[in-house]
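Chains as they are written, first to last, in the numbering used here: chain A, 10 to 351; chain B, 10 to 173.
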Amino acid sequence: MTRKILVLSILFSAFLLFNTNSSFAAGSEEDKTSFIMHHVKDSHEWHFATFGHTHVTLPLPVIVYSSDRGLEFFSSTDFQNHDTHAFGKEYAHEGYYIDEHDHLGRVDGASFIELSITKNVVMMFIVMFVLAYVALSAANHYKKNGAVAPKGAAALIEPIVIFVRDEIAEKSIGPKYKKFVPYLITLFLFIWFGNLLGLLPGAANLTGNIAVTMTLAVLTFIITNVNGNKDYWKHVFATPGVPIPMLLIIVPVEIIGLFTKPFALMVRLFVAITAGHIVILGFIALAFIFESYAIGVVSTVMVTFINIIELLVATIQAYVFTLFTAMYIGGAVAEHAHDEHH
Amino acid sequence: MDLITPGSGLIFWQLIGFLGLLFILIKFAWKPMLAALEERESTIENALKQAEIARNEMANLKAENEKLLAEARLERDNILKKAQEASNKMIEEAKTEAQKQGAQLIENAKAVIETEKKAALTEVKNQVAALTLEVTEKLLKKNLSDDASQKALVDEFVKDLKLN
Numbered sequence: 010m011t012r013k014i015l016v017l018s019i020l021f022s023a024f025l026l027f028n029t030n031s032s033f034a035a036g037s038e039e040d041k042t043s044f045i046m047h048h049v050k051d052s053h054e055w056h057f058a059t060f061g062h063t064h065v066t067l068p069l070p071v072i073v074y075s076s077d078r079g080l081e082f083f084s085s086t087d088f089q090n091h092d093t094h095a096f097g098k099e100y101a102h103e104g105y106y107i108d109e110h111d112h113l114g115r116v117d118g119a120s121f122i123e124l125s126i127t128k129n130v131v132m133m134f135i136v137m138f139v140l141a142y143v144a145l146s147a148a149n150h151y152k153k154n155g156a157v158a159p160k161g162a163a164a165l166i167e168p169i170v171i172f173v174r175d176e177i178a179e180k181s182i183g184p185k186y187k188k189f190v191p192y193l194i195t196l197f198l199f200i201w202f203g204n205l206l207g208l209l210p211g212a213a214n215l216t217g218n219i220a221v222t223m224t225l226a227v228l229t230f231i232i233t234n235v236n237g238n239k240d241y242w243k244h245v246f247a248t249p250g251v252p253i254p255m256l257l258i259i260v261p262v263e264i265i266g267l268f269t270k271p272f273a274l275m276v277r278l279f280v281a282i283t284a285g286h287i288v289i290l291g292f293i294a295l296a297f298i299f300e301s302y303a304i305g306v307v308s309t310v311m312v313t314f315i316n317i318i319e320l321l322v323a324t325i326q327a328y329v330f331t332l333f334t335a336m337y338i339g340g341a342v343a344e345h346a347h348d349e350h351h
Numbered sequence: 010m011d012l013i014t015p016g017s018g019l020i021f022w023q024l025i026g027f028l029g030l031l032f033i034l035i036k037f038a039w040k041p042m043l044a045a046l047e048e049r050e051s052t053i054e055n056a057l058k059q060a061e062i063a064r065n066e067m068a069n070l071k072a073e074n075e076k077l078l079a080e081a082r083l084e085r086d087n088i089l090k091k092a093q094e095a096s097n098k099m100i101e102e103a104k105t106e107a108q109k110q111g112a113q114l115i116e117n118a119k120a121v122i123e124t125e126k127k128a129a130l131t132e133v134k135n136q137v138a139a140l141t142l143e144v145t146e147k148l149l150k151k152n153l154s155d156d157a158s159q160k161a162l163v164d165e166f167v168k169d170l171k172l173n
C-alpha cells in the first residue's frame with residue numbers, strides 16, 4: 010500500500026513539474042500561492058503549462074451581448090499581451106478589456122451581458138460529451154441485446170441507475186418517484202463525472218464553480234416547486250396545527266425555507282469541491298513557499314492522499330446533491346397525513 | 010473572475026448544455042435503459058415465479074407418486090394376502106380331499122381284503138372239506154377193506170352213542 014502511494018506520488022510530482030509556473034520559484038509569497046485561486050476560478054483562456062517563457066494555452070472565444078452593439082465575438086488572445094499571456098486593462102480591444110483578475114469589462118462602463126465560452130464552459134462540454142458517450146453506449150447495449158446482463162459501459166452505468174432509482178428516488182420521493190428518476194440520474198452522473206474529471210491534472214474546477222452549482226440548484230428548485238402539491242403549498246402558507254397569530258412568523262420562515270434548500274445545495278457542492286482543490290493546491294504551494302525538496306516530497310505524498318480522499322468526496326457530493334434533490338421533491342409530492350406532528 | 014459571483018456566461022451555457030444533455034439522455038439513454046431494466050426485472054420475477062410453480066408442481070407430483078406407490082403397495086399386500094389365503098385354502102382343500110380319498114381307498118381296500126379273505130376262507134374250507142372227503146374216502150376205502158377195522162369203527166361209534 011505504502012509503495013503504491015509512493016509510486017502514485019512520484020507520478021503526480023512529474024505532473025506538477027509540468028504544471029507549475031517556474032516564476033513561482035522566485036517572487037513574493039503572494040505570487041507563489043496566486044495560482045491556487047487562478048486554478049479554482051473560471052478563466053477566459055485555458056492555461057495548461059509553462060515551459061520557461063512558452064505558455065501552453067487554449068485560447069477561448071469571448072462572446073458579449075450589449076443592447077447597443079448587439080452580439081460580438083472575440084478571442085481571448087485579443088485581450089492579452091502576446092508574450093506574457095497576461096490580461097490587463099492596457100490590452101483593451103474594441104472597447105472591451107479583461108483585467109488582471111480575468112474579469113471582462115467595458116471601457117465606457119456601459120452594461121453588457123457576457124456569454125463567453127470560458128474554461129469552465131469548455132470543461133462542461135467535455136464532461137457532457139463524456140457522460141453522453143458513456144450513457145448512450147450503455148443504452149445501446151440494451152438496444153442491441155435486449156434485457157440481458159450488462160456489459161461494458163452498461164455495467165458501469167447500470168448499478169448507478171439502479172442505485173439512484175431504488176436507493177435515492179424510490180426511498181426519498183415515495184410512490185411517485187418514476188417521473189423524477191431520469192433527472193436524478195442525469196444530475197448524479199453530471200456532478201460525479203464533473204467532480205472526477207475536475208480532479209484530472211490541468212482540468213477546470215467545474216463543479217466547484219458557483220455558477221454551475223447555482224444552475225443545478227435552480228433546476229432542482231423549479232422541479233420541486235412546479236411539482237409541489239396542495240399539501241406542500243398548504244404547509245408553506247397555512248401551516249397546519251399552528252395558531253393564526255403564529256402564522257405571521259411561520260409563513261415568512263417557510264417561504265425563506267423554500268429558497269434556503271436550493272441555496273444549501275448550491276453552497277454545499279461549491280464549497281466541498283473548491284475546498285478540495287484548494288487543499289491539494291495548497292500542499293503543492295508549500296513546496297514553493299519553503300523552497301525545499303524535503304517539503305516537496307512530503308507535500309506530494311500529502312497531495313496524493315488528499316487526491317484519494319477527493320475521489321471519495323467526488324462521489325459523496327454527487328450522492329448528497331442527488332439525495333437532497335430527491336428529498337426536496339419527495340417533500341413536495343408527498344401526501345401528508347394531516348394529524349402528523351409538525 | 011470572482012469566486013463567489015456566478016458568471017453570466019457560465020450560467021447561460023450551463024443551463025443550455027444541461028437541459029440539452031437532460032433531453033438527449035432522457036430520450037436516448039435513460040428511457041430505453043429503465044425500460045430494459047424493468048423488463049429484465051419482470052423477466053427475472055416471472056422466471057422465479059415459474060420456478061416456484063414448477064417446484065410446487067414437482068412437490069405435488071412427488072406426493073402423488075408417493076400416494077400412488079403407497080396404494081400400489083397396499084394393493085400388492087392385499088393381493089399377496091389373498092393369494093396366500095387362496096393357496097392355503099387350496100392346500101387345505103387338497104389335504105382334506107386327499108385324506109378323504111385316502112380314507113375311501115383304505116375303506117375300499119379293506120372291503121376288498123375282507124371279501125378276498127372271505128373268498129379265500131371259503132375256498133380254504135371247501136378245499137379242506139374236499140381234502141377231508143378225499144382223505145376220509147381214501148381212509149375209509151383202506152380201513153374198511155377188512156372186517157375187523159369195520160367192526161372197530163362201529164364199536165367206536167356205538168361207544169360214542171352210549172355216551173350221548
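All C-beta atoms in this analysis are idealised placements derived from N, C-alpha and C, irrespective of residue type, glycine included.
Secondary structure of residue i, DSSP reduced to three states
i                    : result
arginine 82(B)       : helix
leucine 113(A)       : strand
phenylalanine 299(A) : helix
alanine 34(A)        : Any reading at alanine 34(A) must be qualified, since the residue scores a pLDDT of 47, below 50, and its modelled position is unreliable; the value itself is stated next. Reduced to three states, the DSSP call for alanine 34(A) is helix.
proline 249(A)       : coil
serine 120(A)        : coil
glycine 1(B)         : The displayed coordinates of chain B run from 10 to 173. Any statement about residue 1(B) would go beyond what the structure contains.
glutamate 61(B)      : helix
glutamate 54(A)      : strand
histidine 91(A)      : coil
histidine 102(A)     : strand
glutamate 344(A)     : coil
serine 76(A)         : coil
isoleucine 107(A)    : strand
serine 84(A)         : strand
leucine 31(B)        : helix
proline 70(A)        : strand
histidine 64(A)      : strand
Cβ shell of residue i (< 8 Å), same chain only, five flanking positions each side left out
i                 : result
glycine 161(A)    : Ser146, Ala147, His150
glycine 29(B)     : none
alanine 8(A)      : Nothing in the structure corresponds to residue 8(A), since chain A is present only between 10 and 351.
isoleucine 282(A) : Asn204, Gly207, Asn214, Thr216, Gly217, Val322, Ala323, Gln326
threonine 114(A)  : Going by the sequence as given, residue 114(A) is glycine instead of threonine. Once the five neighbours on either side are set aside, the close Cβ partners of glycine 114(A) are Lys98, Tyr105, Tyr106, Ile107, Asp108.
glutamate 101(B)  : none
Contact set for residue i: own chain, Cβ-Cβ below 6 Å, skip 5 residues either direction
i                    : result
leucine 332(A)       : Ile177
phenylalanine 264(A) : Sequence check: residue 264(A) is isoleucine here, not phenylalanine. Nothing listed; no residue qualifies.
valine 173(A)        : Leu193, Ile194, Phe197
glutamate 81(A)      : Val73
Exposure of residue i, with buried meaning 16 or more beta-carbon neighbours within 10 Å
i                    : result
proline 249(A)       : exposed
tryptophan 55(A)     : buried
valine 16(A)         : exposed
alanine 107(B)       : exposed
phenylalanine 268(A) : exposed
methionine 132(A)    : buried
lysine 119(B)        : exposed
histidine 91(A)      : exposed
lysine 187(A)        : exposed
glutamate 103(A)     : exposed
aspartate 156(B)     : exposed
histidine 110(A)     : exposed
methionine 99(B)     : exposed
Pick from the options that is closest to residue i, judged by C-alpha positions
i                    : options                                    : result
alanine 273(A)       : His244(A), Ile107(A), Ile287(A), Phe230(A) : Phe230(A)
glutamate 123(A)     : Ala226(A), Phe138(A), Ile289(A), Tyr105(A) : Tyr105(A)
asparagine 316(A)    : Val329(A), Phe292(A), Ala303(A), Met255(A) : Phe292(A)
phenylalanine 197(A) : Lys147(B), Leu31(B), Lys160(B), Val167(B)  : Leu31(B)
proline 271(A)       : Leu225(A), Lys185(A), Arg174(A), Glu167(A) : Leu225(A)
aspartate 7(A)       : Phe297(A), Met137(A), Val276(A)            : Examination of residue 7(A) is not possible in this model, given that chain A is present from 10 through 351 alone.
methionine 275(A)    : Thr309(A), Glu319(A), His94(A), Ile219(A)  : Ile219(A)
lysine 153(A)        : Asp164(B), Asn69(B), Pro41(B)              : Pro41(B)
aspartate 117(A)     : Leu165(A), Asp77(A), Gly183(A), Gln89(A)   : Asp77(A)
alanine 14(A)        : Tyr328(A), Phe299(A), Val307(A), Phe314(A) : Reading the sequence as shown, one finds isoleucine at residue 14(A) and not alanine. Comparing Cα positions, the closest option is Phe314(A).
Nearest-angstrom beta carbon gap, residue j and residue i [assumed within contact, 8 Å]
i                    : j                    : result
isoleucine 194(A)    : tryptophan 39(B)     : 6 Å
tryptophan 201(A)    : alanine 323(A)       : 6 Å
asparagine 129(A)    : valine 221(A)        : 7 Å
phenylalanine 189(A) : isoleucine 338(A)    : 5 Å
serine 75(A)         : phenylalanine 121(A) : 4 Å
leucine 19(B)        : threonine 334(A)     : The pair is not a contact, with the Cβ atoms about 20 Å apart (cut-off 8 Å).
Same chain, Cβ closer than 7 Å to residue i, five either side skipped, listed in chain order
i                 : result
serine 85(A)      : His53, Glu54, Pro68, Leu69, Val71
valine 312(A)     : Phe21, Ile289, Phe292, Ile293
methionine 336(A) : Ser181
Contact test: residue i Cβ vs the ligand MG heavy atom, cutoff 6 Å
i               : result
arginine 277(A) : No copy of the ligand MG appears in this structure; indeed no ligand is present at all.
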